[in-house]
Amino acid sequence: RLNKFYNPKMHVAPPKQELSEEDRIAVNMGGTPPPTDAPGGIAGTGVAVLAQVSAHVAVARKEAPAPPPGTWAAYSTKSEESTGVIGMIDLLIKDLDKEMTEAKTDEKNSQA
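Residues 764 to 875 in our numbering are what the sequence shown lists, from first letter to last.
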């Protein structure tokens, strides 16, 4: 249905539904038309099921997995020298405290 708007050249209009005489009378009297059949498959494509092909899985099971790649050094935790989010928040707190003390001293000096 989106092709009607995004790609009008590729749009294929759905077939018109032929109503029986009883249904036409009901629709003309203000009723609702009978429900249409659901489109077949996934999103109207006709594909019923997405199934995996297991032929390539059998080949992979016969071979042993490769060993993991080597690393440069053993795992070690980072030292406290590195600044992360907590360090940035600490800097903001220090700056805010500094500005507050400056504002207090300015206020005291201006009232004196």
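Think of the CB as a built atom: it goes at the ideal place given N, C-alpha and C, for glycine as much as any other residue. Predicted model only: the values in this text are computed from it and were never measured.
| Query | Result |
| --- | --- |
| Which of helix, strand or coil DSSP assigns to Lys772 | helix |
| The alpha helix (DSSP H) enclosing Lys879, as first and last residue numbers | Shown here, the chain extends from 764 to 875; a query on residue 879 therefore has no answer. |
| Alpha helix (DSSP H) segment containing Asp800, residue limits | Here Asp800 belongs to no alpha helix (DSSP H), and DSSP marks it neither H nor E. |
| Cα-Cα separation between Ala789 and Glu781, rounded to whole angstroms | 14 Å |
| Coarse secondary structure for Ala789, derived from DSSP in three states | helix |
| Pro797 versus Asp786: straight-line alpha-carbon distance, rounded | 7 Å |
| Span separating the alpha-carbon of Lys871 from that of Ile849 | 33 Å |
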